[in-house]
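**Q** This is the structure I want to talk about, given as structure tokens.
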Ligand code: PMP
Ligand code: GLN
């Protein structure tokens, strides 16, 4: 047989699949793959059920149902004081993942360069490569994940088509500061490039941190694309409802790719997401507040066991340096080891560093019910004595 596409064939199975399968095989407490283990808000689910029965179930418009697009514009004004024309500046996708793919395919031409900041969410690198661009990697590193400004500036040049920014950042839990975002915005303006902003965790921030969308920074209104995920905002990751907000011309280019991908997304789920985005402030506050308590619990537990837990101000992941435990091996071996021997699964952070820069962290997902988190910490405590 002729060879298949060499970009994808060069990658193994994603770390999330690999670790979740291993978790099932060993019947562990799975804090690896990132997903909440409750069923999401009952009222949002009820809206989806109601819309499934009462409303049309045929193809919705390619750009998304008007209710959700209007809700996106209202949400942008309410949370970020951003004026958005829902008719020309919003689009619904099948998850943030399809939004990312549509940006990569709609904006990149072969020969372009794309700036990526490691540790990066796993689909970025293959998507950018498959679209024909050369990734330019810059790293933030534990424990404080500061942005290395000189290295970032050096990664931009005339061929740079875009930076793909994840804020809050998976897996690091980093929330970019206003200063860092201003610096990134200035580079985008100077080099006339797009910023694809994966803000899937925009409502999951802790310690009083505030989400600052790059699109609101000077010079960025026309060049930034803001991506969100209902899966993350409503703890319904299986729904795969995502959305984009961008200036009309930019969005048009991205929609040209979207129309040839999944084209549209389940209409009842879109309508339920519209309802969800309009929920009262307390919903969003309680979501973050509940997760912050969980983060603190897991962080304290891991530190007591002898891990060195590194900074996390957003997302639902916390990273722990295991070297002080005396384990002899890299993070992949460590995550397999605790899965098999301690009955707790985490994800090796090297999977998010294509450069191989960091291999001594395990990522734990803390968006789980209390007994599950307690059991995980108990098992690790028992194992490591
Ligand atoms: N971006 C990041 C940073 C993520 O962590 C995830 C999934 N956890 C996604 C995108 C994918 O989001 P969705 O499920 O909405 O496609
Ligand atoms: N984004 C989730 C994580 O980081 C997993 C998504 C997936 O399994 N593709 O764990």
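In the working numbering, the protein residues as written are 80 to 464.
Every residue, glycine too, gets a C-beta built ideally from N, C-alpha and C.
For clarity, every value in this text was computed on a predicted model and none was experimentally measured.
(1) Once you ignore the five residues that flank residue 340 on each side, which residues in its own chain have a CB closer than 7 Å to its CB?
(2) What separation, rounded to the nearest whole angstrom, lies between the Cα atoms of residue 99 and residue 108?
(3) Nearest-angstrom Cα distance between residue 150 and residue 421?
(4) Please find out if some non-hydrogen atom of the ligand GLN comes closer than 7 Å to the beta-carbon of residue 136.
(5) With burial defined as no fewer than 16 other Cβ atoms inside 10 Å of the residue's Cβ, what is the status of residue 212: buried or exposed?
(6) Beta carbon of residue 355: closer than 7 Å to some heavy atom of the ligand PMP?
(7) Quick check: what's the CA-CA separation for residue 88 versus residue 153?
(8) Which ranges would you report for the beta strand (DSSP E) in the region 245 to 318 if only whole runs of at least 3 residues count?
(9) By Cβ distance, which residues of its chain are closer than 8 Å to residue 446, with the 5 residues on each side in sequence left out?
(10) From what residue to what residue does the beta strand (DSSP E) around residue 213 run?
(11) Check whether the Cβ of residue 424 sits closer than 7 Å to any heavy atom of the ligand PMP, and report yes or no.
(12) For the structure I just gave you, are there three or more beta carbon pairs, one from the region 185 to 198 and one from the region 319 to 336, closer than 8 Å?
(13) Name the one or two DSSP bridge partners that residue 197 has.
(14) Could you give the residue range of the beta strand (DSSP E) that holds residue 440?
(15) Nearest to residue 418 by CA position, among 134, 441, 215, 433, is which residue?
(16) Of all Cβ atoms in chain D, is any one closer than 8 Å to the Cβ of residue 142?
(17) Output needed for residue 296: all residues of its chain with C-beta closer than 7 Å, excluding positions within five of it in sequence on either side, in chain order.
(18) Once the 5 residues before and after residue 384 are set aside, which same chain residues still bring their CB inside 8 Å of it?
(19) Excluding five sequence neighbours on each side, which residues of the same chain lie with their C-beta closer than 8 Å to the C-beta of residue 131?
(20) Taking just the CA atoms, how far does residue 225 sit from residue 168?
(21) Please state the DSSP three-state secondary structure of residue 141.
(22) Would residue 267 and residue 294 be called neighbours here (beta carbons separated by less than 8 Å)?
(23) If you follow the beta strand (DSSP E) that residue 382 is part of, which residue opens it and which one closes it?
(24) For my contact list, residue 428 and residue 398 are in at a C-beta cut-off of 8 Å; report their separation, rounded to the angstrom.
(25) Cβ atoms of residue 232 and residue 215: under 8 Å apart, would you say?
**A** In terms of the structure at hand:
(1) Sequence index remark: in the chain shown, residue 340 carries index 261 (1-based). Excluding five sequence positions before and after residue 340, the CB atoms of its chain that fall closer than 7 Å to its own CB belong to 177, 180, 181, given in chain order.
(2) Reading the chain shown from its first residue, position 20 is the one you call residue 99. Reading the chain shown from its first residue, position 29 is the one you call residue 108. Spanning the alpha carbons of residue 99 and residue 108 requires a straight line of approximately 10 Å.
(3) Within the chain shown, numbered from 1, the residue matching residue 150 stands at position 71. Within the chain shown, numbered from 1, the residue matching residue 421 stands at position 342. Linking residue 150 to residue 421 through their CA atoms gives a straight-line distance of about 45 Å.
(4) For the purposes of this step, residue 136 is taken as the residue at position 57 of the chain shown. Not so, every heavy atom of the ligand GLN lies at least 7 Å from the Cβ.
(5) Within the chain shown, numbered from 1, the residue matching residue 212 stands at position 133. By the 10 Å Cβ count, residue 212 comes out buried.
(6) Here residue 355 refers to the residue found at position 276 when the chain shown is read from its first residue. Checking every heavy atom of the ligand PMP against the Cβ of residue 355, none is found closer than 7 Å.
(7) Counted from its first residue, the chain shown places residue 88 at position 9. Counted from its first residue, the chain shown places residue 153 at position 74. Taking the straight line joining both Cα atoms gives about 42 Å.
(8) Fully enclosed beta strand (DSSP E) runs of 3 or longer: 273 to 277, 303 to 308.
(9) Working through the chain shown from its first residue, we reach residue 446 at position 367. Only residues of its own chain outside the window of five on either side were considered, and among them 113, 114, 115, 116, 314, 370, 373, 395 have a CB closer than 8 Å to the CB of residue 446, listed in chain order.
(10) On the chain shown, position 134 is the one that residue 213 refers to. The continuous beta strand (DSSP E) containing residue 213 extends over residues 213 to 218.
(11) Here the question's residue 424 lines up with position 345 in the chain shown. No, the Cβ of residue 424 stays beyond 7 Å of every heavy atom of the ligand PMP.
(12) yes
(13) By 1-based counting over the chain shown, the position of residue 197 is 118. Residue 197 is bridged by DSSP to 218.
(14) Within the chain shown, numbered from 1, the residue matching residue 440 stands at position 361. Its beta strand (DSSP E) spans residues 440 to 444.
(15) Working through the chain shown from its first residue, we reach residue 418 at position 339. That would be 441, whose Cα lies nearest to the Cα of residue 418.
(16) In summary, chain D is missing from the structure at hand, where a single protein chain is found.
(17) On the chain shown, residue 296 is found 217 positions in, with the first residue counted as 1. Hits under 7 Å: 260, 261, 264.
(18) Stepping through the chain shown from its first residue, residue 384 is reached at position 305. Same-chain partners within the cutoff: 404, 456, 459, 460, 463.
(19) Sequence index remark: in the chain shown, residue 131 carries index 52 (1-based). Contacts found: 347.
(20) Position 89 of the chain shown, counted from the first residue, corresponds to residue 168. Position 146 of the chain shown, counted from the first residue, corresponds to residue 225. Taking the straight line from one Cα to the other gives about 32 Å.
(21) By one-based count along the chain shown, residue 141 stands at place 62. Coil.
(22) Taking the first residue of the chain shown as position 1, residue 267 is located at position 188. Taking the first residue of the chain shown as position 1, residue 294 is located at position 215. No; because the gap between Cβ atoms is not below 8 Å, this pair is not in contact.
(23) The count along the chain shown starts at 1 and reaches residue 382 at position 303. First-last for residue 382: 360 to 384, but that is the alpha helix (DSSP H), not the beta strand (DSSP E).
(24) In the chain shown, counting from the first residue as 1, residue 428 sits at position 349. In the chain shown, counting from the first residue as 1, residue 398 sits at position 319. Correct: roughly 6 Å between the Cβ atoms.
(25) The residue given as residue 215 occupies position 136 in the chain shown. The residue given as residue 232 occupies position 153 in the chain shown. For the 8 Å CB-CB criterion, residue 215 and residue 232 do not form a contact.
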